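Structure, as structure tokens:
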Amino acid sequence: MGQCAACGAQLVEEFAALLDALVYTTSRNRKLALIAAYLRAAPDPDRGWALAALTDGLDFPAVKSNTIRTLMMDRVDPVLWALSRDFVGDTAETASLLWPEPEDSAPQPDMSVGEVVERLSALTRATAPRELPGLLDRLDSNGRYALIKLATGGMRVGVSARLAKTAFALAFEVPVEEVEEYWHALAPPYPELFAWAADGGEAPDLAHAPRFRPFMLAHPLEDGVVDLADYAAEWKWDGIRVQIVRAGGVTRIYSRSGDDISATFPELLDVLPVDAVLDGELLVRGSAQGGEAGGAASFNALQQRLGRKTVSGKMLKDYPAFVRLYDVLLLEGHDWREQPWKLRRATLEGLMPRLPVSHFDLSQLVEAEDFAALARIRDTARDEAIEGLMLKHRDSPYVAGRKVALWYKWKRDPLLIDCVMMYAQRGSGKRSSFYSDYTFGCWAGDPDAGAELLPVGKAYSGFTDEELKKIDRFVRQNTRSKFGPVREVERKLVFEVAFDSVHASKRHKSGLAMRFPRIHRIRWDKPAHEADRIDALRALIKD
Amino acid sequence: MEPPFSWIRPEPWGIHIVPADIWVDPSRPVARALVTHGHADHARGGHGETIATPATLAIMELRYQTRAGAMAAGYGETLDIGGGVTATFLPAGHVLGSAQILLEHAGERVIITGDYKRAPDPTCEGFKVTPCDIFITEATFGLPVFNHPPIGEEIAKLLAAREANPDACILVGAYALGKAQRVIAELRAAGHHETIWLHGAMEAMCRLYEEHGVPLGDLRLVSDATKDQMRGHIVMAPPSALGDRWSRRLPDPVTAMASGWMRVRARARQRGVELPLVISDHADWNELTRTITEVNPAETWITHGREEALLRWCELGQRRARALALVGYEDEDD
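Protein sequence lines, in the order shown, are assigned to chains A and B.
Residue numbers for the first sequence, in the working numbering: 1110 to 1652.
Residue numbers for the second sequence, in the working numbering: 35 to 368.
Below, the structure is given as structure tokens:
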């Protein structure tokens, strides 16, 4: 195990050991050190593939979770598979444990990460079922786990893209902001990135590539007060934050995490007339947010457009997208990021007449006499169906990440409603033995007159580990019936549920769908019949 | 004539041997009890009369401070327990003193395994395969994903972690009865003769094991140690102490846990375990299925654990089987 003496390649087993070490380490610093050590030790292309795998940057269309399940069905009784999968909570891990050890235990040739990636890439849906068993037979259970995770994605080892980039920067002592800038413009296994950082080569030449720049983010303004002489206010629109980039005549749209979502919004790809990097909110035309003047539909409407790889003409017509601009980072070869916000704002305002109003508008500033007046305006955000306010220091440069005292987000207070737990489902991953996902309902009428509960939402956050244990115990002791990983429970536990907004929905029997529901408080003390009715929730719709 | 095996009746709180009016591992106090082994979920206090192996009785005395009503049964000794029923205690290989109980009545033979394993264990006698008509087995690790590796591999991992962390200690969470002593004995067998530091709750049980002929080497209490004395050493504690304030007195502990559940990553993560050691005193899937095959009973009853999967395995092999819904048996820490 370890490095192949002859070729120096990093073996799958070594990558498997890294994955396991990451799984069992909760310390961020320790994770950084583990990844950095791996990146320093591994050669190209293994280290690049490993990095891509850790950050979900690999995709092998021929191998899906279902491919693995199908392979297992030929080798394990389906009932035993289902019981095992349910207990373990992860398909890759279950398969790695249940894969039959090959009868012939002759020593198998070693495989490098690079070789595995090469072989996985060559698979088609037709050949995968024939070829995968041979690869799995060459590995032990940890190796199989790594291979399946590599093939199907979703590592779940507690490594965000940001953490991996930080580890990369740490490994080769380069600035993380530069890593982030180059990263998104390059493709796995990132030879140019390693040539620059690890081998002291030239920085990747990306001058003419429409590449992603790290976003500037905001801290929540908890109970603070700011001076409006120093801070400008604007609405926090409820869409998705995007960066629209044009370079060398090519336009790309990136999400907050740096994912390229251009294909989802084709109508925005030939409307930016200048080379620029702009920061804004992607929205769909409508009047839910801020009325006619606001011009934007609810997030619910935008959701119809998200996550699609191909977009129909009807979609484009029914849910036309546009970008409401917040900021300018680069414009016609000039980098504005180090300039104060007020200068960038003036530049952006100057740019607006050159942009087509069909696809761009400017996020207007919210004027108020003083902070108290602004607070009153914020209180109307609910009626306007807007998330809240942004406060930006007038002298703030555009810097990556969250920097104290430059930008604040000041969200409106959440809505609250009392619901009754109806179903509980076992979690996944770390929570696989706990009932941690709860479906709750409100009364369809007067509970004392025999009205029923109707499900209104589902939440799996907002409680502490201690509370989770307590709820888990409640679920187990109050089970009415079981459906696989789901238990129906006695209707007696009340949750105070916090949520950002509620919308009409055909997907639920109650006709309602909540946005960002989370458990606010667990009302062990409150009798279920005192929970809220559907009507109370319906009255909060602002669509 | 009464129908076959009607003399033995599973109830939610234990298995009732009707003609003798005696219960096996009851989870509530009864007049007469047969106890398979000393773990608290099987050996409860407060029975009028308790029949068990001498070591199990010693463990119960340590736990409940009383020997009242205790009656010893050595391995292989056949006792007349009344009502025309005899009971024979046979080694189960689970922990010191653990037994399967062979019950015979009117030519019918029933074995209740209690908890058991087939892997060798230097701290207790090994499981004895014995033919019977009804085999009442546990199924704690009754899923095919459970495949306990040879203990030597896990001990080697523990020693390697100790080697790699000379300034820290390796804190091993292990059940205070059985698991702790087995891990210590295996460490000794692997040539590790340094002091092993114990949580106070483990001291008395380790002494009891030594009195029963299981040497455990140099054991000392954490409460008598300075932080520096424990650097580079192994510390043993019950699983409940791992995340407890108690562990703050240790020098930068690396948290390990010796348990069959460590096979599943999510289980180890839930407990904040950094070094999972797959060591169990229960039969794994292969041991369970191999044992049923070797005993080859007419019928298999499954007491507790993941009984659905074992039932399914029996069904696939066309073996008669049923699951008993017994309450009160726990499997969380083993």
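In this text, a Cβ means the ideal position worked out from N, Cα and C, and glycines have one as well.
On a predicted model such as this, the values are computed, not experimentally measured, just so you know.
Could you name each continuous beta strand (DSSP E) segment of 3 residues or more that falls completely within the region 267-300 of chain B, going from the start of the chain to the end?
268-271, 288-292
Using a beta-carbon distance below 8 Å, is D1183 of chain A in contact with chain B?
Within the first sequence, the letter at position 74 stands for residue 1183 of chain A. It does not; no Cβ of chain B falls within 8 Å.
Cutoff 8 Å: D1581 of chain A Cβ touching any chain B Cβ
Numbered from its first residue, the first sequence carries residue 1581 of chain A at position 472. Judged by the 8 Å Cβ criterion, D1581 of chain A is not in contact with chain B.
Touching or not, the region 1312-1332 of chain A and the region 1354-1367 of chain A, by the rule of three or more beta carbon pairs under 8 Å?
yes
Chain A within 8 Å of V181 of chain B, Cβ atoms only
What you label residue 181 of chain B is simply residue 147 of the second sequence in a count that begins at 1. The sequence as given places Asn at residue 181 of chain B; Val does not occur at that position. Closer than 8 Å to some Cβ of chain A, the Cβ of N181 of chain B qualifies, so yes.
Taking 8 Å as the cut-off, does the region 120-131 of chain B touch the region 160-169 of chain B (at least 3 CB pairs, one atom from each stretch)?
yes
Start and end of the beta strand (DSSP E) containing S1407 of chain A?
Counted from its first residue, the first sequence places residue 1407 of chain A at position 298. Premise fails: S1407 of chain A is in no beta strand (DSSP E) and is neither H nor E.
Out of B:I145, B:G306, B:S61, state which residue places its alpha-carbon closest to the alpha-carbon of V288 of chain B.
By 1-based counting over the second sequence, the position of residue 288 of chain B is 254. Minimum Cα distance to V288 of chain B is reached at B:G306.
CA nearest to the CA of L276 of chain B, picked from B:A292, B:W347, B:A107, B:A198
On the second sequence, position 242 is the one that residue 276 of chain B refers to. Here the closest residue by C-alpha is B:A292.
Using three-state DSSP, classify T229 of chain B as helix, strand or coil.
The residue labelled residue 229 of chain B in the question sits at position 195 within the second sequence. In this structure, T229 of chain B counts as coil in the three-state DSSP scheme.
Per-residue contacts from V1132 of chain A into chain B (C-beta, under 7 Å)
What you label residue 1132 of chain A is simply residue 23 of the first sequence in a count that begins at 1. Those within 7 Å of V1132 of chain A in chain B are R299, R303.
On the DSSP letters alone, give me the boundaries of the alpha helix (DSSP H) that S1366 of chain A sits inside.
Reading the first sequence from its first residue, position 257 is the one you call residue 1366 of chain A. Where S1366 of chain A is concerned, there is no enclosing alpha helix (DSSP H), given that its DSSP letter is neither H nor E.
DSSP on D1634 of chain A, reduced to helix/strand/coil?
Sequence index remark: in the first sequence, residue 1634 of chain A carries index 525 (1-based). The answer is coil: DSSP assigns D1634 of chain A none of H, G, I, E or B.
How far does the beta strand (DSSP E) with C1528 of chain A in it extend, from its first residue to its last?
By one-based count along the first sequence, residue 1528 of chain A stands at place 419. Here the beta strand (DSSP E) through C1528 of chain A covers 1524-1535.
Check whether the Cβ atoms of Y150 of chain B and A317 of chain B sit closer than 8 Å, and answer yes or no.
Within the second sequence, numbered from 1, the residue matching residue 150 of chain B stands at position 116. Within the second sequence, numbered from 1, the residue matching residue 317 of chain B stands at position 283. Their beta carbons are under 8 Å apart, which means Y150 of chain B touches A317 of chain B by this criterion.
If the criterion is Cβ atoms closer than 8 Å, does the pair T1062 of chain A and I1353 of chain A meet it?
Any answer about residue 1062 of chain A is impossible in this case: the structure gives chain A only from 1110 up to 1652.
Using a Cβ-Cβ cut-off of less than 7 Å, give me the residues of the region 1129-1160 of chain A that come near chain B, in sequence order.
V1132, Y1133, T1134, T1135
Closest residue to A1637 of chain A among A:R1453, A:G1620, A:D1557 (Cα-Cα distance)
Stepping through the first sequence from its first residue, residue 1637 of chain A is reached at position 528. Here the closest residue by C-alpha is A:D1557.
What residues of chain B sit near S1193 of chain A, judged by a beta carbon separation below 8 Å?
Sequence index remark: in the first sequence, residue 1193 of chain A carries index 84 (1-based). By Cβ distance, chain B contributes L177, P178, V179, A343.
Where the beta strand (DSSP E) through F123 of chain B begins and ends:
Residue 123 of chain B sits at position 89 when you count from the first residue of the second sequence. Its beta strand (DSSP E) spans residues 119-125.
Do V1288 of chain A and V1132 of chain A have their C-beta atoms within less than 8 Å of each other?
What you label residue 1288 of chain A is simply residue 179 of the first sequence in a count that begins at 1. What you label residue 1132 of chain A is simply residue 23 of the first sequence in a count that begins at 1. Result no, Cβ atoms of V1288 of chain A and V1132 of chain A do not sit closer than 8 Å.
Out of A:K1651, A:S1610, A:N1587, A:F1549, point me to the one whose CA is closest to R1642 of chain A's CA.
Translated into positions along the first sequence, residue 1642 of chain A becomes position 533. The shortest Cα separation from R1642 of chain A among A:K1651, A:S1610, A:N1587, A:F1549 belongs to A:F1549.
Taking the straight line between their C-alpha atoms, what separation do you get for A104 of chain B and E83 of chain B?
Counting from one through the second sequence, the residue named residue 104 of chain B turns up at place 70. Counting from one through the second sequence, the residue named residue 83 of chain B turns up at place 49. Each residue's alpha carbon lies about 6 Å from the other.
CA nearest to the CA of V1432 of chain A, picked from A:M1182, A:L1391, A:A1327, A:A1125
The residue given as residue 1432 of chain A occupies position 323 in the first sequence. Measuring from the Cα of V1432 of chain A, the nearest candidate turns out to be A:L1391.
Is the beta carbon of A107 of chain B closer than 8 Å to that of D85 of chain B?
Taking the second sequence and counting its residues from 1, the one referred to as residue 85 of chain B is at position 51. Taking the second sequence and counting its residues from 1, the one referred to as residue 107 of chain B is at position 73. The sequence shown places Ile at residue 85 of chain B, rather than the Asp named in the question. Yes. Within cutoff.
Any chain B beta carbon closer than 8 Å to V1188 of chain A:
Taking the first residue of the first sequence as position 1, residue 1188 of chain A is located at position 79. So, interface residue.
Under a Cβ-count criterion, where at least 16 other Cβ atoms within 10 Å of its own Cβ denotes burial, should W1633 of chain A be classed as buried or exposed?
Position 524 of the first sequence, counted from the start, is the residue given in the question as residue 1633 of chain A. It counts as exposed.
Quick one: residues in its chain with C-beta nearer than 6 Å to the C-beta of R1094 of chain A, no 5 flanking neighbours on either side, listed in chain order?
With chain A running from 1110 to 1652 in the structure shown, residue 1094 of chain A is simply not present.
Secondary structure, beta strand (DSSP E): runs of 3+ residues fully inside the region 120-202 of chain B
133-139, 142-146, 168-173
Using a Cβ cut-off of 8 Å (strictly closer), state whether E328 of chain B contacts chain A.
Taking the first residue of the second sequence as position 1, residue 328 of chain B is located at position 294. Chain A contact via Cβ: absent.
Tell me, please, which residues DSSP counts as bridged to P310 of chain B.
The residue you call residue 310 of chain B lines up with position 276 of the second sequence. According to DSSP, P310 of chain B bridges with B:M291.
Quick one: is F1592 of chain A buried, meaning 16 or more other Cβ sit within 10 Å of its Cβ, or exposed?
For the purposes of this step, residue 1592 of chain A is taken as residue 483 along the first sequence, with counting starting at 1. Exposed, by the Cβ-count rule.
Where N33 of chain B falls, given that 16 or more other Cβ within 10 Å makes a residue buried
One cannot answer for residue 33 of chain B here, as it falls past the ends of chain B, which runs 35 to 368.
Whole-Å CB distance - L1248 of chain A paired with L1256 of chain A, under 8 Å assumed
The residue labelled residue 1248 of chain A in the question sits at position 139 within the first sequence. The residue labelled residue 1256 of chain A in the question sits at position 147 within the first sequence. With a Cβ gap of about 6 Å, L1248 of chain A and L1256 of chain A count as contacting.
If I measure Cβ to Cβ from Q134 of chain B and keep anything under 8 Å in the same chain, skipping five residues before and after, which residues do I get?
Within the second sequence, numbered from 1, the residue matching residue 134 of chain B stands at position 100. Result list for Q134 of chain B: T70, F123, L124, P125, A126, I145, I146, T147, G148, Y150, F161, K162, T164, in chain order.
Whole angstroms is fine: what's the gap from A1237 of chain A's alpha carbon to G1497 of chain A's?
Here residue 1237 of chain A refers to the residue found at position 128 when the first sequence is read from its first residue. Here residue 1497 of chain A refers to the residue found at position 388 when the first sequence is read from its first residue. When rounded, the distance between both Cα atoms is 49 Å.
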